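Asks: Just dropping this structure here.
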Amino acid sequence: MKKYFLLTVAFLNFNLMADVKIEDCASIVSDIKRLACYDYLVTGVSKTSEELSNNSENKIVKVDEIKQSSSNADSNFGLPRNKIKEIDKISSRNSLTSYISSISKTYAGKSRFKLQNNQLWESESILSQIKLNNFKKKNQIMIEEANMGGFWMINKASKIKIKVKRIS
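Just so we're on the same page, my numbering is the position in the sequence shown counted from 1, plus 11.
Shown next, in the form of structure tokens:
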């Protein structure tokens, strides 16, 4: 018990004698300088000013990105949450727009679509005739990423989607 008491007193005494306190580090606004302060508390070695200045130059670029995102947040202010989510989904999606140049069927009954950019895509399941009628030659389509991997081929005119995978 005496050992624990002595260790506690020594630890508290060490914290009282420290030049920089945790509260001082927490009040620093700059992320890099605050991190350097915490590093100094733990290791006792401070970062050189060159490293801090290099990181601050990188931060200037990121501040511009933050300003752009805040202006986007201002334009979305007052919209319902579902509309904001839709806008965010549309802006963050990776997609490809093209036209179908030819359609063929495999022996398994799946459909293969050759696009104008010479990519070959295959449906992941056998398509019904109704869905296949929406994906004809010279139709404009959009291919975008699905949530759990894979891709959706979407007819631009009718908004019908089918699950596809890229062959070549």
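For every residue, glycine included, the Cβ atom is placed at its ideal position computed from N, Cα and C. Small disclaimer: the values here were computed from a predicted structure and weren't measured.
Rounded to whole angstroms, what's the CA-CA distance from Glu156 to Trp132? Just pull it up for me.
Replies: Here residue 156 is taken as the residue at index 145 of the sequence shown, counted from 1. Here residue 132 is taken as the residue at index 121 of the sequence shown, counted from 1. Cα to Cα, the separation comes out at about 13 Å.
Asks: State yes or no: is the C-beta of Ile3 within less than 9 Å of the C-beta of Ile171?
Replies: With the chain running from 12 to 179 in the structure shown, residue 3 is simply not present.
Asks: How about Lys121 and Ser134: are their beta carbons less than 9 Å apart?
Replies: Taking the sequence shown and counting its residues from 1, one reaches residue 121 at position 110. Taking the sequence shown and counting its residues from 1, one reaches residue 134 at position 123. Yes, Cβ-Cβ distance for Lys121 and Ser134 is below 9 Å.
Asks: Which residue marks the beginning of the beta strand (DSSP E) containing Thr117, and which one marks its end?
Replies: Indexing the sequence shown from 1 puts residue 117 at position 106. Per DSSP, Thr117 belongs to no beta strand (DSSP E) and is neither H nor E.
Asks: Would you mind reading off the limits of the beta strand (DSSP E) that contains Leu4?
Replies: This structure gives no information on residue 4, because the portion of the chain shown stretches from 12 to 179.
Asks: Measuring alpha carbon to alpha carbon, tell me which of Lys174, Gln130 and Ser113 ends up nearest Lys142.
Replies: Taking the first residue of the sequence shown as position 1, residue 142 is located at position 131. The residue with the shortest Cα to Cα distance from Lys142 is Lys174.
Asks: Buried or exposed: which applies to Phe124, given that a residue is buried once 16 or more other Cβ atoms fall within 10 Å of its Cβ?
Replies: Within the sequence shown, residue 124 is the residue found at index 113, counting from 1. Looking at its Cβ environment, which holds 16 or more other Cβ atoms inside 10 Å, Phe124 is buried.
Asks: Of the choices Gln151, Thr19 and Pro91, whose alpha-carbon is the least far from that of Ser113?
Replies: Position 102 of the sequence shown, counted from the first residue, corresponds to residue 113. The residue with the shortest Cα to Cα distance from Ser113 is Gln151.
Asks: Which residue from Ser136, Lys116, Thr108 and Leu138 puts its Cα closest to that of Gln127?
Replies: As a working mapping, residue 127 is identified with position 116 in the sequence shown. Per the Cα distances, Thr108.
Asks: Any idea which residues DSSP pairs Asn166 with across the strands?
Replies: Residue 166 sits at position 155 when you count from the first residue of the sequence shown. DSSP lists Ile152 as partners of Asn166.
Asks: What first and last residue would you give for the alpha helix (DSSP H) that runs through Leu52?
Replies: Counting from 1 along the sequence shown, the entry for residue 52 is found at position 41. Taken as a continuous stretch (DSSP letters only), the alpha helix (DSSP H) holding Leu52 covers Asp42 to Thr54.
Asks: Based on DSSP bridge pairs, tell me the residues matched to Thr108.
Replies: The residue labelled residue 108 in the question sits at position 97 within the sequence shown. Per DSSP, Met153.
Asks: Determine the contact status of Ser4 and Asn145, defining contact as a CB-CB distance below 9 Å.
Replies: Because the chain here runs from 12 to 179, residue 4 falls outside it and cannot be looked at.
Asks: For Glu34, does the three-state DSSP call read helix, strand or coil?
Replies: As a first step, residue 34 must be located in the sequence shown, where it is residue number 23. Helix, per DSSP.
Asks: Would you kindly report the start and end of the unbroken beta strand (DSSP E) that includes Lys176?
Replies: If you number the sequence shown from 1, residue 176 lands on position 165. Here the beta strand (DSSP E) through Lys176 covers Lys172 to Arg177.
Asks: Buried or exposed: Phe162, going by 16 or more other Cβ atoms within 10 Å of its Cβ?
Replies: The sequence position of residue 162 within the sequence shown is 151, counting from 1. The residue in question, Phe162, is buried, as its Cβ has 16 or more Cβ neighbours within 10 Å.
Asks: May I ask you to report which of helix, strand or coil DSSP gives Leu138?
Replies: Along the sequence shown, one-based indexing puts residue 138 at 127. Of the three classes helix, strand and coil, the one that applies to Leu138 here is coil, per DSSP.
Asks: I need the DSSP call for Leu90, collapsed to helix, strand or coil.
Replies: Position 79 of the sequence shown holds residue 90. Residue state, collapsed to three classes: coil.
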